[in-house]
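Notes to accompany the following structure.
Chains as they are written, first to last, in my numbering: chain A, -7 to 276; chain B, -7 to 276.
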C-alpha cells in the first residue's frame, strides 16, 4: 500500500512524519502521523505503539500535545497515530455533531445506511493501517501495542482485546469503558450499527473482559482523572473496575486526584504508559 | 490589578491556569497562561520564567506544545505565557496579515497612527504583566527569567537586555536576531514605529549587545535549527554570533542539525532551556 509523505520534522533526535494514503476500509484517503525514534534511522526493526485519539481529534493531536516522543526515543518505540474518522465522505449529517460522524469514528465498522461505506475504523486500524505499517515503516510487526484516550481509550481496549494476535500490550487514558451504557456510546452505536445490544457488546471493553478466556489476559494500565468532567456520565471506570474484580482480569486502574479529561492530564502520565508498553514489548 | 480565572487544569502535580485582565498598556483585555509547579501550592515564593511566543501564537501555544511543565515542576519555576498581541482592537487592517497586527505585536510599543493606542506589548509585558505577577502569583519578583521563540525570541532577548532589573536570565529558540535587517522586522517596525532606523536599533538584539556595557553581560542560551525554513532570510543567527564574537558577549549559540522552526524542535531542547534558567535563578 503506497503512502505519501505530507511533512516531516526532526524531533528528539528522531523524526516526526505525517502521511496520507488510500484506504479500502473507509473508501477514501486517510492520514496518520508517525514518530520514528533515533534507533529507526540506524536501521533497527522496532516495535510499534499505535495511539487512538478521542472525539474531535485528528492524527496530529496526540503528537503535538501528548509529549510521548521523548519516551519513545528513550525506549526505541515507533509511535503511530491515525485520524479518528474518515474526512469528507459526503454523508448527510456527517459534520453536524462533534460526537458523531467526522472526528468520531468510534473504532468500529458501521453497518447502517450510508455510514457502512466509509465509517469502518475497526478495519482501517487493524487491516489497512497494519498493511501500511508493515510495508512502509520497517517495523517489528510481532511487537505492537495500542493505547488511546477517551473514545480512543475505548478503541485501544476493544481492539486490543479483539486482536491479541496484533497487539501485545494495552493501556488507556480516561477510556469510555462501556459504550453500551453511556450517551456517547449509545448515540454512536445506534447510528453506526443499529439498536441490537448484543452487537454493541462486541465492542464494549467491559463485556469483552467478561467474555474473555483467561489465557488471553494481559496486564492493562488505565489512568483516570478524578476531576474528569465526563467521569460518571460517559466514562464509567467503576464498571471496568468491577468486571476486573469479578473475573480476576489484571487491570491496573489508577485514579488521579484533581486531573481532568485534557491532554494536560495525559501529558503528566505519558511516561508511565510508554514504560508500560516498552516493558511488555521487550524494549530496553 | 485584578485578574479573572478562565480555566484551570491539574498538570504534572501542579496547576495550569488561564487568566484575563484589563491592561492599560494595550487599552483592552489581555489573556495569559500560568503553570504553577507543585511547590507553589505548598506556599513557597517561587521564581518566574516568562515565555514570549512567536507570530500567530497565543497564550496557550507554548503551554500546550512546549512540554515545559515537567521541567518547571522539577525545578520549582512558575511559567507565565502572555498572548502575542492585543485582540480585537478594531484597527483597520489589524487582521489582514499573519505577520503584522493581531498575533504579531513584536514586543515593542507602537508610536504610529492607530497602533499606538493598543499595540504596546513592551509596556504590557514589562509593566502590566509584571504588576499582575506581583499581585496575584505569589512570586519571587527578584528571580525572574525570560525566553521565547522566533518573534518571541526577539522579544526575550531585547526585553531581557533592556530590563535587566526585571530579568536575570535569558534564552531563546530560533529568535529573530536582528529585526532591522529582515523582512518580518522591517514590516513590523515600519508599521508600528515608523522608518527611523535609529529607533529600530533600540529594539534589535544585535544592536543592543553592541551598545551594552560589559557589566550587564549575562550568559544567554540560543538554540537554532539548521533546517529552519526562516534561518537565513528572517532569523540571521550569524549576526548574533558575529556581535558576540566581536564584543565578548557570553552567548551560547547551538546550531541543531536537521531541526526546523516548529514546536517539535523546541520541545526537544526545552529541558536544556529550563535548566539554564533554573541554574541562573538559583533553583534546586
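Even glycine gets a Cβ: it sits at the ideal position worked out from N, Cα and C.
DSSP, read as helix, strand or coil, puts residue 186 (chain A) in coil. Just so you know, the alpha carbons of residue 22 (chain B) and residue 168 (chain B) end up roughly 24 Å apart. The distance from the Cβ of residue 245 (chain B) to that of residue 197 (chain B) is about 12 Å, inconsistent with a contact at the 8 Å cut-off. Along the length of the stretch 25 to 60 of chain B, whole beta strand (DSSP E) runs at least 3 residues long occupy 38 to 44, reported in chain order.
Between the beta-carbon of residue 262 (chain B) and that of residue 68 (chain B) there is about 16 Å, and that puts the pair past the 8 Å contact cut. Every unbroken stretch of the beta strand (DSSP E) spanning 3 or more residues and falling wholly within the stretch 102 to 170 of chain A is given here in chain order: 131 to 141 and 161 to 165.
Those residues of the stretch 48 to 64 of chain A placed with their C-beta closer than 8 Å to a C-beta in chain B are 56, 57, 59, 61 and 62, ordered along the chain.
At least one C-beta of chain A is nearer than 7 Å to the C-beta of residue 254 (chain B).
At a cut-off of 7 Å between C-beta atoms, residue 1 (chain B) counts as an interface residue with respect to chain A. Counting only the Cα atoms, residue 139 (chain B) lies some 6 Å from residue 42 (chain B). A distance of 7 Å or more separates the beta carbons of residue 17 (chain B) and residue 127 (chain B).
Secondary structure of residue 181 (chain A) (DSSP, three-state): helix.
Under the Cβ distance rule, residue 251 (chain B) counts among the residues neighbouring chain A, one pair being separated by less than 7 Å. Among the CB atoms of chain B, one or more fall inside 7 Å of the CB of residue 8 (chain A). Rounded to whole angstroms, the Cβ separation of residue 267 (chain B) and residue 220 (chain B) is 22 Å, and the two are not in contact under 8 Å. Distance check between residue 152 (chain B) and each of B:269, B:187, B:53 and B:259 places B:269 closest, using alpha-carbon atoms only. As computed with DSSP, residue 23 (chain B) is found in a beta bridge with B:12.
For residue 4 (chain A), a Cβ of chain B is located within less than 7 Å of the residue's own Cβ. Pairwise C-beta distances place the stretch 95 to 115 of chain B in contact with the stretch 180 to 190 of chain B, as three or more of them are shorter than 8 Å. Closest option to residue 134 (chain B), judged by alpha-carbon separation, among B:159, B:149 and B:145: B:159.
Contacts with chain B at 7 Å (Cβ-Cβ) include residue 260 (chain A). The CB of residue 81 (chain A) never comes closer than 7 Å to any CB in chain B; the least such distance is about 29 Å. With respect to residue 24 (chain B), residue 51 (chain B) sits close: the two C-beta atoms are nearer than 7 Å.
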